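Colleague: I'd like to ask you about the structure that follows.
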Amino acid sequence: MRAKRPEEFDRPKTPFRDVARSHLYHYSRDLGIPDEVPRIFLAELRNVYPEGFVRRPVWRDINVYRQPGSIKDLTLKAFPGHKFFICAIKYIEFFKQADIHFSDQVLEISSTWLPEHRKPQITSHAESLDYFCLRILPSPYLCKLELRVYNCAVIDEFAIRKRTLENMRSHRDLGFTIHQGCITHVDQFSPAQVCGFKPDYQIVEVNGQSVVSYVDSLIVRLIRNALGRNVGRRVEVAVIPKRVYDVLMDPRKGKHYNVISNAGFNLEFWTAHKVFGVW
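UniProt numbering applies: residue 1 is where the sequence shown begins, and numbers increase by one.
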């Protein structure tokens, strides 16, 4: 037994009735999550937070700088009504890591610079970059958790003499078990439970790296390696509810598009009710 650390105490939350929630209805309708709107309405009547809801900005303008020739580093999925959501992203292809994440909704793509933002200081290199602006609705279901192990022993791949599917997904050291990237079990009083891990949540990012469609052994290895390299023995892990992940990754729903290079603004795309910059 020990006393709780400061970060382990439950902090008071703002009542749900005082939180902006209209975008939560729009996001759920556009994505087409089954039975999500009634669940949100019931939570609003009870003045409790819906399961998986995270307070994030209602919308944001993000400048994206990409390496020349990169066309498959940002994949969008189009749903009925021309609703676009980010379903795949490769941060390594970006010149500067943008604050966009899996499951964010793309409201607008623009090739012009925002007046309040400045271009990179290296002008010659900036001219060769592919840059554009995304107006996004940050996913209200994406949650960033900080996994800390403190003085617990972390099992790395070299410490496992006989590798099996069970010990590669072992929750003895980290406190959780995953299957196809989804958390299936969380040990009681473990580091995973303290940081907020719950079953039926999908891991989509590890230490700022997208791990969508990664195998379980690679996800666990990335977590353990990040914990071993960090002085504070901590790593940031982003998760979303499984029900949201399944809708975005369902091949029977929506159509995939890749954001093309900055080729200028074409008014015909807007008059045809199509989003500029995707193909």
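Note that the Cβ used here is the ideal one computed from N, Cα and C, for glycine as well. Being a predicted model, the structure only gives us computed values, none of them experimental.
Can you name, in chain order, every residue of its own chain whose Cβ lies under 6 Å from the Cβ of Leu74, other than the five neighbours on each side?
Modeller: Here residue 74 refers to the residue found at position 74 when the sequence shown is read from its first residue. Only Ile89, Val259 meet the Cβ criterion.
Colleague: Out of Ile62, Phe102, Gly52, point me to the one whose CA is closest to Ser110's CA.
Modeller: For the purposes of this step, residue 110 is taken as residue 110 along the sequence shown, with counting starting at 1. Of the listed residues, the one whose Cα sits closest to Ser110 is Ile62.
Colleague: Consult DSSP for Ala98 and reduce its assignment to one of helix, strand or coil.
Modeller: Within the sequence shown, residue 98 is the residue found at index 98, counting from 1. Of the three classes helix, strand and coil, the one that applies to Ala98 here is coil, per DSSP.
Colleague: So Phe41 is in the alpha helix (DSSP H); what residue range does that whole segment cover?
Modeller: Here residue 41 refers to the residue found at position 41 when the sequence shown is read from its first residue. Phe41 -> alpha helix (DSSP H) spans 36-46.
Colleague: Quick one: grab the DSSP three-state call for Tyr141.
Modeller: Against the sequence shown, residue 141 aligns to sequence position 141. Of the three classes helix, strand and coil, the one that applies to Tyr141 here is coil, per DSSP.
Colleague: So is Thr184 in contact with chain B if we call contact Cβ pairs under 8 Å?
Modeller: As a matter of chain content, chain B is missing from the structure shown, which is built from one protein chain.
Colleague: Where does Val183 sit, in a helix, a strand or coil, going by DSSP?
Modeller: In the sequence shown, residue 183 corresponds to position 183, counting from 1. According to the sequence as given, residue 183 is Ile; it is not Val. Strand.
Colleague: To the nearest angstrom, how far is it from the Cα of Leu134 to the Cα of Pro38?
Modeller: For the purposes of this step, residue 134 is identified with residue 134 of the sequence shown, where counting begins at 1. For the purposes of this step, residue 38 is identified with residue 38 of the sequence shown, where counting begins at 1. Distance between the alpha carbons of Leu134 and Pro38 is about 30 Å.
Colleague: In chain order, what residues of the same chain have a beta carbon less than 6 Å from the beta carbon of Thr14, not counting five sequence neighbours either side?
Modeller: Numbered from its first residue, the sequence shown carries residue 14 at position 14. If we look at Thr14 and ignore the five residues flanking it on each side, it has no Cβ neighbours.
Colleague: How far does the alpha helix (DSSP H) with Leu248 in it reach, from first residue to last?
Modeller: Counting from one through the sequence shown, the residue named residue 248 turns up at place 248. Run containing Leu248: 242-249, per the alpha helix (DSSP H) assignment.
Colleague: In the DSSP assignment, find the beta strand (DSSP E) that holds His256 and state where it starts and stops.
Modeller: In the sequence shown, counting from the first residue as 1, residue 256 sits at position 256. It spans 255-258 - the beta strand (DSSP E) in which His256 sits, taken as one unbroken run.
Colleague: Determine, using beta carbons only, whether Lys253 and Phe79 come nearer to each other than 8 Å.
Modeller: Locating residue 253 in the sequence shown gives position 253, counting from the first residue. Locating residue 79 in the sequence shown gives position 79, counting from the first residue. Against a cut-off of 8 Å, the Cβ pair of Phe79 and Lys253 comes out as a contact.
Colleague: Where does Phe16 fall in DSSP's three states?
Modeller: Your numbering for residue 16 matches position 16 in the sequence shown. DSSP places Phe16 in helix when its eight states are reduced to three.
Colleague: Excluding the 5 residues preceding and the 5 following Leu81 in the sequence, name in chain order all residues of the same chain whose CB lies nearer than 8 Å to its CB.
Modeller: Taking the first residue of the sequence shown as 1, we reach residue 81 at position 81. It is worth fixing the name first, because residue 81 is Gly in this sequence and not Leu. Hits under 8 Å: Asp30.
Colleague: Helix, strand or coil for Leu222, going by three-state DSSP, please let me know.
Modeller: Position 222 of the sequence shown, counted from the first residue, corresponds to residue 222. Leu222: helix per DSSP, three-state reduction.
Colleague: Buried or exposed: where does His101 fall if 16 or more other Cβ atoms within 10 Å of its Cβ makes it buried?
Modeller: Position 101 of the sequence shown holds residue 101. Buried is the call here.
Colleague: In whole angstroms, give me the CA-to-CA distance for Gly228 and Pro50.
Modeller: Position 228 of the sequence shown, counting from 1, holds the residue named residue 228. Position 50 of the sequence shown, counting from 1, holds the residue named residue 50. Answer to the nearest angstrom: the Cα atoms are 35 Å apart.
Colleague: Measuring CB to CB, does Tyr141 end up less than 8 Å from Val64?
Modeller: Along the sequence shown, one-based indexing puts residue 141 at 141. Along the sequence shown, one-based indexing puts residue 64 at 64. Result no, Cβ atoms of Tyr141 and Val64 do not sit closer than 8 Å.
Colleague: Measure the C-alpha to C-alpha separation of Ala20 and Asp35 and round it to an integer number of angstroms.
Modeller: Translated into the one-based positions of the sequence shown, residue 20 becomes position 20. Translated into the one-based positions of the sequence shown, residue 35 becomes position 35. Ala20 and Asp35: Cα-Cα distance of roughly 20 Å.
Colleague: Three-state secondary structure (DSSP) at Asp73?
Modeller: If you number the sequence shown from 1, residue 73 lands on position 73. Three-state result, Asp73: coil.
Colleague: In whole angstroms, what separates the C-alpha of Pro212 from that of Glu205?
Modeller: Position 212 of the sequence shown holds residue 212. Position 205 of the sequence shown holds residue 205. A quick correction: the sequence has Val, not Pro, at residue 212. Whole-angstrom Cα-Cα distance: 7 Å.
Colleague: What residue range does the alpha helix (DSSP H) around Asp30 cover?
Modeller: For the purposes of this step, residue 30 is taken as residue 30 along the sequence shown, with counting starting at 1. Segment 22-31, the alpha helix (DSSP H) holding Asp30.
Colleague: Is it buried or exposed, Ser103, if we count other Cβ atoms within 10 angstroms and call 16 or more buried?
Modeller: In the sequence shown, residue 103 corresponds to position 103, counting from 1. The residue is buried, with at least 16 neighbouring Cβ atoms inside 10 Å.
Colleague: Which word fits Ser22, buried or exposed, when buried means at least 16 other C-beta atoms lie within 10 angstroms of its C-beta?
Modeller: Translated into positions along the sequence shown, residue 22 becomes position 22. Ser22 is exposed by the Cβ-count criterion.
Colleague: Since Gly196 contacts Asp187 with CB under 8 Å, what's their CB separation in whole angstroms?
Modeller: As a position in the sequence shown, residue 196 is number 196, starting the count at 1. As a position in the sequence shown, residue 187 is number 187, starting the count at 1. About 14 Å separates the two Cβ atoms, so there is no contact after all.
Colleague: Cutting at 8 Å between CB atoms, please list the residues of its own chain near Gln180, excluding the five before and the five after it.
Modeller: Sequence index remark: in the sequence shown, residue 180 carries index 180 (1-based). The answer, listed in chain order, is Asp216.
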